[in-house]
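Numbering (UniProt numbering), first residue to last: 1 to 703. Beta carbons: idealized from backbone N, C-alpha and C, even for Gly. Only one structure is covered here, and it is reproduced in the block below.
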């Protein structure tokens, strides 16, 4: 055979059958192992499939009639090139169009045979019956999609091309052109979705596949949507037929109880009855991996309560007669096990919970009682319970967990003890002398609260009750409760689901309260952020001294905070009364100090004195709202706004040590408010908190 047109310098020999040499050879155009018939070169290792050798230099095709596809010996791009058919890399010859469409030779010739309705030329391509493979438990087939219609491949018999591309046989027989009542101006042509058109009926955009399109009007329909009838009779509404039309009136779908604005629905305008297109054609039987029996479609039920989620439903349900269950269509796919930010353990879906199992009945998200006779998510270990709707409302706030991925006990990582050794205990078993991971010396328990204020090295708050102190008097103190803070902890308000590690010796800005802090912090290694000890102890359900009832954090609670008077969209709220508290106010320290006042100041929640002269802040001298929270000294009748009292650096303990990166010696936090000392880095006076070198012979000072 003359080989000049095949870009080879030697004559080529035609092989009807494979020899030992050709069995190992690869086609120089498609890169696959050569099969018969083929061409080979007797003088070098050049080989070609017969089909690749005869591939035309240009293809004019119905599926892309704007431009021809040109055969190129290599990718036209600087980077990688991927086939728009099978989405695999093109390393050899490629059919290319200037509008960005690329195909392997095999994929291009396969679609050309379909476009020209030459299905007899595809006899060499295997076809498969999905029912056989589904019975054998083929996991890949369960998730596979048809390239043409993008519906599950298991719906009907399909072509299975060796490159991994699959196509329903019925999609290979689709007409090239149709007339549709929703676009009467022009016919719709079957073509590749190269411009990423969205379907006018379902509103969805698919990255690949076929669609029926009018390019001049930018009107496109998915194959399935184009084949849907424009009028149907439905068992759930027998009075009138349902007509396919645009949902401009925000009608609720009677099946899923949701609204799809500006999408097509099947509707009876007379009765204001509508069904989403996907809800109108539900399968009669559905099998789900989380339930041992199949669910059967049940239509015509006026109303029911879903056994899976506990919410009402209408008209259409799925039932399991064996288990006596009736559920919403969308509840069939409820995940059996999920993880949520508010709880460290996996939570399990149950269709009911017995009374002796559940001690807490209020939902951990909305604080409304959960009806345990219907479905909910529950953690038996912690009495955590939640409505199905609340736990799965926001897709970015829960994640699905497979049973096989739950290994061991989740509590194994929690509560790592910060106390490395208990040296002494009293008669009641209380630890009186310990070794703590954060300090080099032994700590002893003391109830002797000193007259001079001492600050906890863990939370940076005043110590007013039992505490641990260093036996060598090195100015290290810990609240008894701070000394027991676990080394690892799950924080419900942080987006990362990994455990936070308790660390010491950092100067950091807390990612929650945004104060500059010293002391202990919980560090997220994934995002490299710190959370102060005071913020870390706030639970999503808490009891605050400023209110008589428990309060729950609700991200949708829009209203006025009773602490500061500001309006917030997310805050703690009380289900018994009209009380709201934002996150910042919930973490206000109960007792604090200020340099301009000699006594401790306590957080007060309402002014008890009606005399107007008391309704002023003694720091800023401005009027304050007597119904909002403030700090107060009962001895001196001194009162102040919280924002006036909470100054910068108040969560950094003077005298504590810090190992900085810019100086070889340890640094000490020191207040320098009255001495004009120059900073060694910027040469400006140091007027407040500074770092001072702990070495007596070193005069290093820096802001």
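Continuous beta strand (DSSP E) stretch holding residue i: start and end
| i | result |
| --- | --- |
| residue 38 | 38-41 |
| residue 426 | Element bounds for residue 426: n/a, residue is neither H nor E. |
| residue 592 | 591-594 |
| residue 102 | 101-103 |
| residue 86 | Counting along the chain, residue 86 falls outside any beta strand (DSSP E), and DSSP gives it neither H nor E. |
| residue 188 | 183-192 |
| residue 727 | Any property of residue 727 remains undetermined from this structure, which presents the chain solely from 1 to 703. |
| residue 598 | 597-604 |
| residue 214 | 210-214 |
| residue 296 | 295-305 |
| residue 389 | That residue, residue 389, is in no beta strand (DSSP E); its alpha helix (DSSP H) goes 388-391. |
| residue 278 | Where residue 278 is concerned, there is no enclosing beta strand (DSSP E), although the alpha helix (DSSP H) it sits in stretches over 277-280. |
| residue 469 | 467-470 |
| residue 379 | 376-379 |
| residue 231 | 231-234 |
| residue 97 | 94-97 |
| residue 523 | 521-524 |
C-beta neighbour in chain D for residue i, strict 8 Å
| i | result |
| --- | --- |
| residue 148 | No chain D is part of this structure, which consists of one protein chain only. |
Straight-line Cα distance separating residue j from residue i
| i | j | result |
| --- | --- | --- |
| residue 336 | residue 556 | 26 Å |
| residue 649 | residue 80 | 53 Å |
| residue 103 | residue 171 | 19 Å |
| residue 640 | residue 454 | 22 Å |
| residue 417 | residue 340 | 25 Å |
| residue 277 | residue 182 | 15 Å |
| residue 44 | residue 94 | 23 Å |
| residue 367 | residue 542 | 12 Å |
| residue 163 | residue 97 | Because residue 163 carries a pLDDT of 48, less than 50, the predicted location of this residue cannot be relied on, and the following value inherits that uncertainty. Residue 163 and residue 97: Cα-Cα distance of roughly 21 Å. |
| residue 484 | residue 316 | 54 Å |
| residue 252 | residue 327 | 18 Å |
| residue 334 | residue 651 | 45 Å |
| residue 398 | residue 696 | 54 Å |
| residue 423 | residue 680 | 45 Å |
| residue 8 | residue 227 | 49 Å |
| residue 1 | residue 51 | Residue placement at residue 1 is flagged as unreliable, the pLDDT there being 48, under the threshold of 50; the coordinate-derived value follows with that caveat. Approximately 15 Å, taken between the alpha carbons. |
| residue 359 | residue 380 | 10 Å |
beta-carbon residue i near the ligand SAH non-hydrogen atom, thresh 7 Å
| i | result |
| --- | --- |
| residue 606 | In the structure shown, the ligand SAH is absent, as is every other ligand, since no ligand is present at all. |
Same chain, Cβ closer than 6 Å to residue i, neighbours up to 5 away in sequence not counted
| i | result |
| --- | --- |
| residue 225 | 199, 201, 202 |
| residue 25 | 34, 47 |
| residue 487 | 416, 418, 502 |
| residue 244 | 230, 264, 266 |
| residue 472 | 441 |
| residue 76 | 96 |
| residue 482 | 456, 458, 459 |
Other residues of its chain near residue i: CB distance less than 8 Å, five sequence neighbours each side excluded
| i | result |
| --- | --- |
| residue 136 | Model confidence at residue 136 stands at a pLDDT of 48, short of 50, so the residue's coordinates are unreliable; what they give is reported in the following sentence. Within the same chain, residue 136 has no close Cβ partners at all. |
| residue 465 | 447, 449, 479, 480 |
| residue 678 | 684, 685, 686, 701 |
| residue 430 | 445 |
| residue 205 | 196, 197, 198, 199 |
| residue 711 | In the structure displayed, the chain extends from 1 to 703; residue 711 sits before or after that span and is not available. |
| residue 550 | 541, 542, 543, 574 |
| residue 353 | 372, 376, 378, 385 |
| residue 619 | 594, 596, 640, 641, 644, 645 |
| residue 214 | 183, 185, 186, 187, 188, 189, 220 |
| residue 655 | 475, 668, 669, 670 |
Contacts around residue i, its chain only, beta-carbon distance under 7 Å, and the 5 residues preceding and following it disregarded
| i | result |
| --- | --- |
| residue 59 | 68, 69, 95, 108, 112 |
| residue 3 | Caution applies to residue 3, whose pLDDT of 45 falls short of 50 and renders its modelled position unreliable; the value that the coordinates give is listed next. Excluding sequence neighbours, residue 3 sits near 10, 11, 12. |
| residue 92 | 29, 30, 31 |
| residue 625 | 565 |
| residue 535 | 510, 512, 513, 587 |
| residue 491 | 500, 522, 531, 536 |
| residue 659 | 505, 666 |
Span of the alpha helix (DSSP H) around residue i
| i | result |
| --- | --- |
| residue 226 | 223-226 |
| residue 534 | 533-536 |
| residue 583 | 583-586 |
| residue 169 | 169-172 |
| residue 217 | Taken as a continuous stretch (DSSP letters only), residue 217 belongs to no alpha helix (DSSP H), as it is neither H nor E. |
- request: Take every Cβ of the segment 302-311, pair it with every Cβ of the segment 495-508, and state whether three or more of those distances are shorter than 8 Å.
  value: no
- prompt: Would you call the segment 580-594 and the segment 528-547 touching, i.e. three or more CB-CB distances under 8 Å?
  reply: yes
field: In chain order, each alpha helix (DSSP H) run of at least 4 residues that lies wholly inside the segment 538-563
entry: none
Alpha helix (DSSP H) runs contained entirely in the segment 639-697, provided each spans 4 or more residues: 642-645
Those runs of the beta strand (DSSP E) which lie wholly inside the segment 319-357 and span at least 3 residues: 325-327, 337-340, 343-350
- request: Answer yes if the segment 625-635 comes into contact with the segment 591-606, meaning at least three C-beta pairs across the two stretches below 8 Å, and no otherwise.
  value: yes
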